[in-house]
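S.K.: In the numbering used here, each residue's number is its place in the sequence shown (first place is 1) plus 2.
Just so you know, even glycine gets a beta-carbon here, dropped at the ideal spot from N, CA and C.
Before I ask anything, here is the structure I am working with.
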Amino acid sequence: MRGIGPLEIIIILGLILLIFGWRRMPEIGSSMG
């Protein structure tokens, strides 16, 4: 297995921010689907 590079870290952090953002702001999550 290859190591985790900066791109993987950015993708993982982006997914976490999206999940927490949708949970904190339901109106944005519902409007996006």
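Which of helix, strand or coil does DSSP assign to I21?
M.R.: Position 19 of the sequence shown, counted from the first residue, corresponds to residue 21. Three-state DSSP puts I21 in a helix.
S.K.: Work out the CA separation of F22 and G7 for me, nearest whole Å.
M.R.: Here residue 7 is taken as the residue at index 5 of the sequence shown, counted from 1. Here residue 22 is taken as the residue at index 20 of the sequence shown, counted from 1. When rounded, the distance between both Cα atoms is 23 Å.
S.K.: Helix, strand or coil: how does DSSP classify G5 here?
M.R.: Stepping through the sequence shown from its first residue, residue 5 is reached at position 3. Three-state result, G5: coil.
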